[in-house]
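Residue numbers (our numbering): 6 to 97.
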């Protein structure tokens, strides 16, 4: 079965999510941005979600994680929880 590791940043607005994506693309460290801005408890660990398989996350999240290029920031991705920036760090 496929497995992925990823990290994310969860915020409440699409505008904030897009602004953070721009900052990261311009050199800001993803983990620092997650620690400072993410409303998810994973923010304390730089947004790290660990390893998981298909179906373990919400559908919108899964679709990106199991199709996006590795080590490329994706988003904003809207889910029932808010807006996410996602970065797949590995996938098998």
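Don't be surprised by glycine CBs; every beta carbon is placed ideally from N, CA and C.
- Where does residue 11 sit, in a helix, a strand or coil, going by DSSP? Three-state DSSP puts residue 11 in a strand.
- Taking only the alpha-carbon atoms, compute the straight-line gap between residue 57 and residue 74 and give it to the nearest angstrom. Each residue's alpha carbon lies about 17 angstroms from the other.
- Item | The beta strand (DSSP E) enclosing residue 34, as first and last residue numbers | Per DSSP, residue 34 belongs to no beta strand (DSSP E) and is neither H nor E.
- Query: Near residue 17, what residues of its chain come up, given a Cβ to Cβ distance below 6 angstroms and the 5 sequence neighbours on each side ignored?
  - Reply: 87
- Please work out which residues of its chain come closer than 6 angstroms, Cβ to Cβ, to residue 48, disregarding the five sequence neighbours upstream and downstream, and give them in chain order. 39, 40
- Return the first residue and the last residue of the alpha helix (DSSP H) that residue 66 is part of. 64–70
- Query: Around the Cβ of residue 24, are there at least 16 other Cβ atoms within 10 angstroms (buried) or fewer (exposed)?
  - Reply: The residue in question, residue 24, is exposed, as its Cβ has fewer than 16 Cβ neighbours within 10 Å.
- Message: Assuming contact is defined by CB atoms lying nearer than 9 angstroms, are residue 59 and residue 53 in contact in what I supplied?
- Response: no
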